[in-house]
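Enquirer:
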Amino acid sequence: MKEKIKNIFVLSTAMLSFISFWKASAIVLCDFGSSAYYAGGIAAKSFGQAYPYFVLAVMLFSGFLLMMYIESSSLFTRGGVYVVVREAMGKTMAKFSVSALIFDYLLTGPISSVSAGLYIAALLKILLPHIGISWNISDRLLAMIFSISVILYFWRENIKGVQESADKNVKIILFVGFVGIILFFWSLFTIWQKGFTLPEFKLNFTDEALGWAKDISWLKPVGLIGIIMAFGHSILALSGLETLAQVYREIEDPKIPNLKKTVIAIFIFSLLFTGMLTFFSALIIPFDVMISKYSDNLLSGLAMELYGPYKLKLILKFLVVLSAGFILVGAVNTAFVGANGILNRVAEDGILPESLRQLHRKYGTTYRIITLVAALQILVVILSGGDIFLLGEAYAFGVLTSLTFDVLALIFLRFKKKDEPREWLFPLNLNYNGYQIPLGLISIFLTLFIVFLANLITKKIATISGLIFTLFLYIVFTISEKKNEKKINLKEEDKGFEEKVNLAGEQDISELALKFKKENKILVPVRNPNNLVHLKSVLESTDDNTTDIVVLYVKVQKGLESSGASGVILPEEKELFKQIILLAEKYGKTVTPIMLYSNDPFYTIIYFAQSINAGKIVMGVSGSFGAEVQLERLAMYWGMLKRSDFKGAIKVEIIWENRKLSYELI
Amino acid sequence: MVINNEKSVLLKDILKQEDVYISNNLKSRQEILKFGSQKIFPYVKDFCSQKVLYEKLKEVDKLNLVLENGLFIPHTKFPELENIYSVLIISPNGIKDERAGLDIYLSFLFLSPLKPAFFQTHLNLLSYITRIFKKELIDILRTVSSPLEAYKIITGIEK
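Quick note, the sequences are listed as chains A and B, same order. The first sequence lines up with residues 3 to 668 when you count with our numbering. The second sequence lines up with residues 430 to 588 when you count with our numbering.
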């Protein structure tokens, strides 16, 4: 009888484990929060001592953008700017938007790690002479070496999978928060002791910061125009928000409530850490000192200018540099996660070669994409020569472009998909003729668009490099897409599909059964990707903390003894697994998909259920047999296979649209 | 033979001694159904003709299984029934079933009430039949010399 079952495979991807809102916040903050370490200095160098007002304003503005991501995530579990723009405005615009976003991610790693390197260099300059070491290495060279090392480290970590990195990110944010609290309260103490003068709200743009605007006589950087330009030079502080859309699919159930908690955590942290600490820096550090000594390590400067004993300040500086190292280095990881996510979406659409999505045999991650991202980031570091201001200028292009596209797409979707249920709507809407006119979103879009136009004019290098890169990527996407279309037209045998999901072979069901350690087990047989109502029902109603949800696909093969069951997945089976993963992500519940070969599916279901000690089997209705015959067959095999040591009964449910049959096999 | 929607079912309650048959004359699955329907017909004659009974068993048989141990369980349901009725047919030499590619040695044909509340009992019976009639028992039953002997063996196991 056991010969009825051959070859057991467990499906694994990195995407079947889910994370708490704390971990999700940490992943995003490791990019978004890290801009505190360099945004103020870059803004100050661009337009002078009014910089803290604008950095704080950008942080307040980020709250609106975070809310925008709640609405877009409620529409798309696997979302992000590419998916949203594609659904709203089509593939062409989506390709442009994602090109800009990739530009953003490719700069995130270098700017963060170079900034960390500069903090370390500044610390070494102070510490090493104390111990008699003469330090002559250029700050930028050290920053570059450090940056490349960090990129390589996180390249390896990401090959291993997201879960590991998420745990580390939480520890990083906890430590950074600890240092931030010390800085915050010590700054308040300093202000109390020394008093303060509010920085003058006066904009003094450098020639570089004006870009082409200095040659346009009517475009004077004063008044509202000056404010828009200054806001544009501070906008790089918004980087990292897109990661929220990528991470959403991994947030555990209940998804939208946990996403809201994530958003609140991110907003409060970044407002206090980036916004207020930058403001305190402006209150405490004289502007000329800041520009000459601390423009590329602002928070270190804040530590050194606080009121108190020098040695204590040095210790705090050390902690600040350590926190800079951790969070900025964490941002490199976030860039990998984000870039990997967006390139996966794009490759799924055939806009990148399928071969890029090949999964690592051991870890199940898209290692080729991760490696490509690492290589490009290292190239950026080398080309920049470790110049944080150059990187900062270019950085804003990608950030702003993708955000602008994102908001515009959401506005489009309010009209295009007006009947699509949304768990949350961005506020300030006018109900007209069945449409929710998004006045709030339109205001946000107009703000972003005006700042985008200002940046095009004022940031020469960003505009030139950003446009060239975006165009280059767009061409690559278009060529790839055409090639992939040709392949489909010629009906070439698809060799790539079996590699989309990782199948790990298991020797025996009894060995596999040992992996299911939770108190309860539910077995969910599946067959048809269009008939997963029963799986959805299980995911809605089951607590995966106490229950192993095992999804079983029985691949029927007659003549089993002579066949070679190789683990090759057919396109329709790929679609089935994809739908299973999408459902699991939508509900944030962990499932274990199993595929095995058998010549008798009902026998296999009962055998497997007994082997793993399942308390319940939940099936969809069979179009061939009907629910009653399914139950009868299960009952017959139950009687035939029931082990003497299997106590009690097993519940069987057959679920289909609006109907459920529930019985016991005793 | 009295079942009043009890969840558990014993064979001695639904199978009479005189409803056990040994036959080597049946040559096919269809002939088993015809023979079985003739023997079980008296229990349903008040509301069903023999032809209708046979046709119904044939129709449902499209979805019936022959198990690897040679057990065949043709069955159907009637709304008019209040109890389960059954006949047992032993085919010592086996009957080749072309559809299943297996030999049928034991056929347990039964009729049960078509009532939603009875379906759990129906399922319990099916699992009970397959649990009782394992290969070892079927091999023993193939060697008995009389239906009475077979009946005693079966009810003896249930004790």
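Even glycine gets a Cβ: it sits at the ideal position worked out from N, Cα and C. Here the structure is a predicted model, which means the values were calculated and not measured.
In chain order, what residues of the stretch 551-576 of chain B put their CB closer than 7 Å to some CB of chain A?
Expert: Leu552, Asn553, Leu555, Ser556, Tyr557, Ile558, Thr559, Arg560
Enquirer: Could you give the DSSP three-state label for Ser564 (chain A): helix, strand or coil?
Expert: As a first step, residue 564 (chain A) is located in the first sequence; it is residue number 562 there, counting from the start. Only weak support exists for where Ser564 (chain A) lies, its pLDDT of 40 falling under 50; the value from the coordinates is given anyway. Correct three-state label for Ser564 (chain A): helix.
Enquirer: Do the stretch 492-501 of chain B and the stretch 463-471 of chain B make contact, defined as three or more Cβ pairs closer than 8 Å?
Expert: Segments in contact, no.
Enquirer: Counting Cβ pairs, one atom from each stretch, are 3 or more of them under 8 Å apart for the stretch 503-512 of chain B and the stretch 538-550 of chain B?
Expert: yes
Enquirer: Anything in the stretch 601-632 of chain A with a Cβ closer than 7 Å to a Cβ of chain B? List those residues in chain order, please.
Expert: Phe627, Val631
Enquirer: Mind listing the chain B neighbours of Lys644 (chain A)? Cutoff is C-beta to C-beta under 8 Å, in chain order.
Expert: As a working note, residue 644 (chain A) is residue 642 in the first sequence. Residues of chain B passing the Cβ test: Ser556, Arg560.
Enquirer: What residue from A:Asn342, A:Leu354, A:Leu381, A:Asp389 has the CA that sits closest to Ile371 (chain A)'s CA?
Expert: Along the first sequence, read from residue 1 onward, the residue named residue 371 (chain A) stands at position 369. Of the candidates A:Asn342, A:Leu354, A:Leu381, A:Asp389, the one whose C-alpha sits nearest the C-alpha of Ile371 (chain A) is A:Asn342.
Enquirer: Tell me the DSSP secondary structure of Leu598 (chain A) in three-state form.
Expert: Translated into the one-based positions of the first sequence, residue 598 (chain A) becomes position 596. Leu598 (chain A): strand per DSSP, three-state reduction.
Enquirer: Put Gly43 (chain A) into one of helix, strand or coil per three-state DSSP.
Expert: By one-based count along the first sequence, residue 43 (chain A) stands at place 41. Helix.
Enquirer: Looking at the unbroken alpha helix (DSSP H) that takes in Arg80 (chain A), where does it start and where does it end?
Expert: Numbered from its first residue, the first sequence carries residue 80 (chain A) at position 78. It is not in any alpha helix (DSSP H) - Arg80 (chain A) carries neither H nor E in the DSSP assignment.
Enquirer: Shorter than 8 Å from the beta carbon of Arg635 (chain A) to some beta carbon of chain B?
Expert: Against the first sequence, residue 635 (chain A) aligns to sequence position 633. For Arg635 (chain A), the answer is yes, since a Cβ of chain B falls inside 8 Å of its Cβ.
Enquirer: Below 9 Å on C-beta distance, what does Phe548 (chain B) contact in chain A?
Expert: The count along the second sequence starts at 1 and reaches residue 548 (chain B) at position 119. Annotation: Cβ neighbours of Phe548 (chain B) in chain A (cutoff 9 Å, chain order): Glu630, Leu633, Leu663, Tyr665.
Enquirer: Alpha carbon to alpha carbon, how far is Ile236 (chain A) from Phe454 (chain A)?
Expert: Residue numbering aside, residue 236 (chain A) sits at position 234 when the first sequence is read from its first letter. Residue numbering aside, residue 454 (chain A) sits at position 452 when the first sequence is read from its first letter. Residue identity differs from the one stated: residue 236 (chain A) is Ser in this sequence, not Ile. Whole-angstrom Cα-Cα distance: 12 Å.
Enquirer: Name the DSSP bridge partner or partners of Trp658 (chain A)?
Expert: Here the question's residue 658 (chain A) lines up with position 656 in the first sequence. DSSP output for Trp658 (chain A) lists A:Arg661 as bridge partner(s).
Enquirer: What's the C-alpha gap between Ile657 (chain A) and Val540 (chain A)?
Expert: Numbered from 1 along the first sequence, position 655 holds the residue referred to as residue 657 (chain A). Numbered from 1 along the first sequence, position 538 holds the residue referred to as residue 540 (chain A). About 10 Å.
Enquirer: Could you list which residues in chain A have their beta carbon closer than 8 Å to that of Leu494 (chain B), in chain order?
Expert: Counted from its first residue, the second sequence places residue 494 (chain B) at position 65. The contacting residues are Arg635, Met638.
Enquirer: Taking buried to mean at least 16 other C-beta atoms within 10 Å of its own C-beta, is Thr572 (chain B) buried or exposed?
Expert: In the second sequence, counting from the first residue as 1, residue 572 (chain B) sits at position 143. Exposure of Thr572 (chain B) is indicated by the presence of fewer than 16 other C-beta atoms within 10 angstroms of its C-beta.
Enquirer: Measuring only between beta-carbons, confirm whether Ile668 (chain A) sits less than 8 Å from chain B.
Expert: Position 666 of the first sequence holds residue 668 (chain A). Yes, Ile668 (chain A) lies at the interface with chain B (some Cβ there is under 8 Å from its Cβ).
Enquirer: I think Ile286 (chain A) touches Thr192 (chain A), with their Cβ atoms under 8 Å apart; what is that distance to the nearest whole Å?
Expert: On the first sequence, residue 286 (chain A) is found 284 positions in, with the first residue counted as 1. On the first sequence, residue 192 (chain A) is found 190 positions in, with the first residue counted as 1. About 6 Å separates the two Cβ atoms, so the contact holds.
Enquirer: Show which residues of chain A have a CB atom less than 8 Å away from the CB atom of Ile502 (chain B).
Expert: For the purposes of this step, residue 502 (chain B) is taken as the residue at position 73 of the second sequence. Those are Met638, listed as they occur along chain A.
Enquirer: Could you work out which residues of chain B lie near Gly650 (chain A), taking near to mean beta carbons separated by less than 7 Å?
Expert: Within the first sequence, numbered from 1, the residue matching residue 650 (chain A) stands at position 648. Going along chain B, no residue has its Cβ under 7 Å from Gly650 (chain A), so there is no contact; the nearest lies around 14 Å.
Enquirer: Looking at the structure shown, is Thr572 (chain B) part of a helix, part of a strand, or coil, going by DSSP?
Expert: Locating residue 572 (chain B) in the second sequence gives position 143, where the first residue counts as 1. Here Thr572 (chain B) carries a coil assignment [DSSP, helix/strand/coil].
Enquirer: Look at Ile274 (chain A) and Phe186 (chain A) and say whether their C-beta atoms are less than 8 Å apart.
Expert: In the first sequence, the residue the question calls residue 274 (chain A) occupies position 272. In the first sequence, the residue the question calls residue 186 (chain A) occupies position 184. According to the sequence shown, residue 274 (chain A) is Leu rather than Ile. Taking 8 Å as the Cβ cut-off, Leu274 (chain A) and Phe186 (chain A) qualify as a contacting pair.
Enquirer: In chain B, which residues lie less than 7 Å from Gly590 (chain A) when you measure between Cβ atoms?
Expert: Indexing the first sequence from 1 puts residue 590 (chain A) at position 588. Near Gly590 (chain A) there are no residues of chain B at all, since even the closest Cβ is about 35 Å away, more than 7 Å.
Enquirer: What is the residue span of the alpha helix (DSSP H) that Phe282 (chain A) lies within?
Expert: Locating residue 282 (chain A) in the first sequence gives position 280, where the first residue counts as 1. Its alpha helix (DSSP H) spans residues 279-286.
Enquirer: Give the range of the beta strand (DSSP E) segment to which Thr505 (chain B) is assigned.
Expert: For the purposes of this step, residue 505 (chain B) is identified with residue 76 of the second sequence, where counting begins at 1. For Thr505 (chain B), the enclosing beta strand (DSSP E) starts and ends at 504-507.
Enquirer: Using alpha carbons as the reference points, say which of A:Gly366, A:Leu301, A:Tyr312, A:Ala377 lies closest to Phe338 (chain A).
Expert: Position 336 of the first sequence, counted from the first residue, corresponds to residue 338 (chain A). Taking only the C-alpha atoms, the option nearest Phe338 (chain A) is A:Ala377.
Enquirer: Using 8 Å as the threshold, is the stretch 35-43 of chain A in touch with the stretch 109-126 of chain A, meaning 3 or more CB pairs across them?
Expert: yes
Enquirer: Taking only beta-carbon positions, decide if Gly641 (chain A) is within less than 8 Å of chain B.
Expert: Taking the first sequence and counting its residues from 1, one reaches residue 641 (chain A) at position 639. Closer than 8 Å: yes.
Enquirer: Are the beta-carbon atoms of Val334 (chain A) and Val152 (chain A) separated by less than 8 Å?
Expert: For this step, residue 334 (chain A) is matched to residue 332 along the first sequence. For this step, residue 152 (chain A) is matched to residue 150 along the first sequence. Against a cut-off of 8 Å, the Cβ pair of Val152 (chain A) and Val334 (chain A) comes out as a contact.
Enquirer: Count the other C-beta atoms from every protein chain shown that fall within 10 angstroms of the C-beta of Lys313 (chain A), then say buried if there are 16 or more, exposed otherwise.
Expert: If you number the first sequence from 1, residue 313 (chain A) lands on position 311. Under this definition Lys313 (chain A) is an exposed residue.
Enquirer: Leaving aside the five residues before and after Phe282 (chain A) along the sequence, list all residues of the same chain whose C-beta is less than 6 Å from its C-beta, in chain order.
Expert: Reading the first sequence from its first residue, position 280 is the one you call residue 282 (chain A). Excluding residues within five positions, the ones whose Cβ falls inside 6 Å are Ser189.
Enquirer: Would you call Lys157 (chain A) buried or exposed, if buried means 16 or more other Cβ atoms sit within 10 Å of its Cβ?
Expert: The residue given as residue 157 (chain A) occupies position 155 in the first sequence. Rather than Lys, the amino acid found at residue 157 (chain A) in this sequence is Trp. The residue in question, Trp157 (chain A), is buried, as its Cβ has 16 or more Cβ neighbours within 10 Å.
Enquirer: How many Å lie between Val382 (chain A) and Pro112 (chain A) at the Cα?
Expert: Position 380 of the first sequence, counting from 1, holds the residue named residue 382 (chain A). Position 110 of the first sequence, counting from 1, holds the residue named residue 112 (chain A). Between Val382 (chain A) and Pro112 (chain A), the C-alpha separation is close to 7 Å.
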